[in-house]
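S.K.:
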Amino acid sequence: MKKSVSLDRFDLKILQALQENGSLSNQDLAEYVGLTAAPCSRRVKRLEDVGVIRRRQVCLDERLLNLNLIVILHISMDQHTPERFTAFEEAINQIPEVQECFLITGNDADYQLKIVVPDMDSYHDILLGKITRIQGVTGVNSSFVMRKISDKNILPLKYVEYE
11 MKKSVSLDRF DLKILQALQE NGSLSNQDLA EYVGLTAAPC SRRVKRLEDV GVIRRRQVCL
71 DERLLNLNLI VILHISMDQH TPERFTAFEE AINQIPEVQE CFLITGNDAD YQLKIVVPDM
131 DSYHDILLGK ITRIQGVTGV NSSFVMRKIS DKNILPLKYV EYE
């Protein structure tokens, strides 16, 4: 388990602002949170150094890029050993179409994946050409997203304790 990080109200305001708009300039961010530029920059650097801010990225629209098929795939494994899980996870991380991978419980599956591809033919190629060839995969169950209802990458910071 990772140890939590000590934060204050300025840190939380910085995190909230950057979640909503990661391209804010340091000057705009400083004005928003009520700091001058230098201390704001130091705080952002500290949040990056301790790993609270893992990365800044641009969110793209799948449909506008012809990535029209989103698949939720449940995968069952033959063995529940650390070695088998590690090998699977390393293999799955080499497939760029796999956007998310979760080790899950409370289901017949061991893993849940989110896969984004242009069409069913592309999914077929990924599923049969890559995923089912990973050693230990014994079962797959695909569900296809008809419509995305919510797409949030903003964590609910109201639960974070601060000084």
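For what it's worth, our numbering labels the leading residue of the sequence shown as 11, then goes sequentially.
Every residue gets a Cβ at the ideal spot worked out from N, C-alpha and C, and that includes glycine.
Since the structure is predicted, the reported quantities are computational estimates derived from the model, not experimental observations.
1. What would DSSP say about LYS168, mapped onto helix, strand or coil?
2. Quick check: the region 78-87 against the region 148-161, are at least 3 beta-carbon pairs closer than 8 Å?
3. To which residues of the same chain is LEU45 closer than 7 Å at the C-beta, ignoring the five residues directly before and after it?
4. Between which two residues does the beta strand (DSSP E) containing HIS10 stretch?
5. Given a cut-off of 8 Å, decide if SER160 and ASP118 are closer than it, judged by their beta-carbon atoms.
6. Kindly list the residues whose CB is nearer than 7 Å to the CB of ASP88, restricted to its own chain and excluding five residues on each side of it in sequence; keep chain order.
7. With a cut-off of 8 Å on the beta carbons, I'd call CYS50 and ASN163 a contact; round off their distance for me.
8. I'd like the list of long-range same chain contacts for GLN29, defined as Cβ closer than 6 Å, with 5 residues on each side in sequence excluded.
9. How far does the alpha helix (DSSP H) with CYS50 in it extend, from its first residue to its last?
10. Tell me the rounded alpha-carbon separation between GLN109 and PRO166.
11. Just list the alpha helix (DSSP H) runs in the region 83-118, keeping only unbroken ones of 4 residues or longer that don't cross its boundaries, in chain order.
12. DSSP three-state call for GLN29: helix, strand or coil?
13. Do GLN122 and PHE112 have their C-beta atoms within less than 8 Å of each other?
14. In this structure, what does DSSP give as the bridge partners for GLY149?
15. Once the 5 residues before and after GLU72 are set aside, which same chain residues still bring their CB inside 6 Å of it?
16. Can you round the beta-carbon distance between LEU57 and ILE102 to whole angstroms, since I take them to be within the 8 Å contact cut?
M.R.: Result, derived from the coordinates:
1. helix
2. Yes, since at least three Cβ pairs between the region 148-161 and the region 78-87 fall closer than 8 Å, the two stretches touch.
3. PHE20
4. Any answer about residue 10 is impossible in this case: the structure gives the chain only from 11 up to 173.
5. no
6. GLY146, THR148
7. The pair is not a contact, with the Cβ atoms about 22 Å apart (cut-off 8 Å).
8. Counting only Cβ-Cβ distances below 6 Å, and skipping sequence neighbours, we find ILE164.
9. Under the DSSP assignment, CYS50 falls in the alpha helix (DSSP H) whose first and last residues are 47-59.
10. GLN109 and PRO166 have their C-alpha atoms some 21 Å from each other.
11. Fully enclosed alpha helix (DSSP H) runs of 4 or longer: 92-102.
12. helix
13. yes
14. SER86
15. VAL126
16. Not a contact, Cβ separation roughly 29 Å.
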